[in-house]
Amino acid sequence: DTGVSQDPRHKITKRGQNVTFRCDPISEHNRLYWYRQTLGQGPEFLTYFQNEAQLEKSRLLSDRFSAERPKGSFSTLEIQRTEQGDSAMYLCASSLEGLAGGDSYNEQFFGPGTRLTVL
Amino acid sequence: GESVGLHLPTLSVQEGDNSIINCAYSNSASDYFIWYKQESGKGPQFIIDIRSNMDKRQGQRVTVLLNKTVKHLSLQIAATQPGDSAVYFCAATIYNQGGKLIFGQGTELSVKP
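Line by line, the protein sequences are chains S and L. Numbered according to the working numbering, the first sequence terminates at residue 119, and the numbering increases by one at each position without gaps. Numbered according to the working numbering, the second sequence terminates at residue 1113, and the numbering increases by one at each position without gaps.
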């Protein structure tokens, strides 16, 4: 257990429905990332937050996707009008930017993911 | 844009042997690299990282080698154990561009007892 939690772990929905996922990062971490992973592939970056500010969005993130981190703690990822191509594992990761000292920096800790199946 | 690739999709080794998993990256500006292990149904788990100002870093039973000249890194696992069976991903990032990770496709490591 990395300390990053995601809810739900699994979601099955019908095409056209809206879904929302939640990520709770490690409490002191100021950066939060969303990735998407399809079967047999590595995770693909979607977006990231520094505190409550969304600083970058991938071109993969269509207008149907929106992410928020209103208080700089937990984050939500909403997909509107889901399509079958949205079926994937949605991963959340958090990190502490500017880790002082040590040999590592920006180590991203991943949650267990939310597996979305769109029928 | 950045791409990260792995040389082999699957690797099978005998328990106790050493494993070497390779990875190539395309963006010479990448300055931080991480190896992750992912077991079925779980999120990626951090194994070891390396900054671009280093060419080798060792952890417990694992070593990462970085060759910036050819944009290549490798993960060496000593005395591979059945519990090491998983998919291994390398990831690259440019730290001052937010730290978003660009992942390779992964190598599935199978350890035969």
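We treat Cβ as the ideally placed atom computed from N, Cα and C, and that holds for glycine. Computed from a predicted structure; not experimentally measured.
Quick one: which chain C residues come within Cβ less than 7 Å of S/GLY42?
-> The question asks about chain C, but that chain is absent: this structure's protein chains are S and L.
For S/ARG22, the nearest candidate out of S/GLY16, S/TYR33, S/GLU28 and S/THR13 (CA to CA) | As a first step, residue 22 of chain S must be located in the first sequence, where it is residue number 22. For the residues S/GLY16, S/TYR33, S/GLU28 and S/THR13, the minimum Cα distance to S/ARG22 belongs to S/TYR33.
Of all the CB atoms in chain L, is at least one closer than 7 Å to the CB of S/GLU83?
-> Working through the first sequence from its first residue, we reach residue 83 of chain S at position 83. For S/GLU83, the answer is no, since every Cβ of chain L falls outside 7 Å of its Cβ.
Per-residue DSSP class, three states only, for L/ASP1031 = As a working mapping, residue 1031 of chain L is identified with position 31 in the second sequence. Coil, per DSSP.
Tell me the DSSP bridge mates of L/ALA1078?
-> The residue given as residue 1078 of chain L occupies position 78 in the second sequence. In the DSSP output, where bridge partners are listed per residue, L/ALA1078 has none listed.
Under a CB-based cut-off of 7 Å, is L/PRO1044 close to chain S?
-> As a position in the second sequence, residue 1044 of chain L is number 44, starting the count at 1. With 7 Å as the cut-off, L/PRO1044 counts as an interface residue toward chain S.
Extent of the continuous beta strand (DSSP E) to which L/LEU1109 belongs = Counting from one through the second sequence, the residue named residue 1109 of chain L turns up at place 109. Counting along the chain, the beta strand (DSSP E) containing L/LEU1109 begins and ends at 1107 to 1112.
Residue from L/LEU1011, L/THR1010 and L/LYS1068 whose Cα sits closest to the Cα of L/SER1028 = For the purposes of this step, residue 1028 of chain L is identified with residue 28 of the second sequence, where counting begins at 1. Per the Cα distances, L/LYS1068.
Three-state class that DSSP yields for L/ASN1096 in the structure shown = Stepping through the second sequence from its first residue, residue 1096 of chain L is reached at position 96. Helix at L/ASN1096.
Reference S/LEU119; option with closest CA among S/THR13, S/THR2 and S/MET89 | Within the first sequence, the letter at position 119 stands for residue 119 of chain S. The shortest C-alpha separation from S/LEU119 is found at S/THR13.
Scan the segment 54 to 83 of chain S for residues whose Cβ lies nearer than 9 Å to a Cβ of chain L and list them as they occur along the chain.
-> LEU55, GLU56 and SER58
Proximal chain L residues relative to S/SER95, where beta-carbon distance stays under 9 Å = Walking along the first sequence from the start, residue 95 of chain S turns up at place 95. What S/SER95 touches in chain L: GLY1099.
Does DSSP classify S/THR84 as helix, strand or coil?
-> Along the first sequence, read from residue 1 onward, the residue named residue 84 of chain S stands at position 84. Checking the sequence shown, residue 84 of chain S turns out to be Gln, not Thr. For S/GLN84, the secondary structure class from DSSP, reduced to helix, strand or coil, is helix.
State buried or exposed for S/GLY101, treating a residue as buried only when at least 16 other CB atoms are found within 10 Å of its CB.
-> Stepping through the first sequence from its first residue, residue 101 of chain S is reached at position 101. Because the pLDDT at S/GLY101 is just 43, under 50, the model does not fix this residue reliably, and the value given afterwards should be weighed accordingly. It is exposed - the Cβ of S/GLY101 has fewer than 16 other Cβ atoms within 10 Å.
Mind checking who L/PHE1046 pairs with in its DSSP beta bridge?
-> Position 46 of the second sequence holds residue 1046 of chain L. BP columns for L/PHE1046 point to L/TYR1036.
From what residue to what residue does the beta strand (DSSP E) around L/ASN1022 run?
-> Counting from one through the second sequence, the residue named residue 1022 of chain L turns up at place 22. Looking at the DSSP string, the run of the beta strand (DSSP E) that includes L/ASN1022 is 1019 to 1025.
Cβ shell of L/ARG1057 (< 6 Å), same chain only, five flanking positions each side left out = What you label residue 1057 of chain L is simply residue 57 of the second sequence in a count that begins at 1. The answer, listed in chain order, is ILE1050 and VAL1064.
Alpha-carbon spacing of S/LYS11 relative to L/ASP1055, whole angstroms | Indexing the first sequence from 1 puts residue 11 of chain S at position 11. Indexing the second sequence from 1 puts residue 1055 of chain L at position 55. Spanning the two alpha carbons is a distance of roughly 42 Å.
Which residues, in chain order, does the segment 1045 to 1059 of chain L contribute to contact with chain S at a C-beta distance below 8 Å?
-> GLN1045, PHE1046, ASP1049, ARG1051 and ARG1057
Could you run through the segment 13 to 36 of chain S and flag, in chain order, every residue whose CB is less than 7 Å away from some CB of chain L?
-> Cβ proximity to chain L below 7 Å picks out ARG31 and TYR33 from the segment 13 to 36 of chain S.
Can you grab the Cα-Cα spacing for the pair S/ASP103 / S/GLN84, in whole Å?
-> For the purposes of this step, residue 103 of chain S is taken as the residue at position 103 of the first sequence. For the purposes of this step, residue 84 of chain S is taken as the residue at position 84 of the first sequence. At S/ASP103 the pLDDT is 45, less than 50, meaning the model places this residue with poor confidence; the figure from the coordinates comes in the next sentence. The straight-line gap from Cα to Cα measures roughly 42 Å.
In chain order, what residues of the same chain lie with their CB nearer than 8 Å to the CB of S/LEU55, ignoring the 5 residues before and after it?
-> Position 55 of the first sequence, counted from the start, is the residue given in the question as residue 55 of chain S. Cβ within range, chain order: TYR48 and PHE49.
What do you get for S/GLN17, buried or exposed, if any count of 16 or more other CB atoms within 10 angstroms of its CB means buried?
-> Working through the first sequence from its first residue, we reach residue 17 of chain S at position 17. It counts as exposed.
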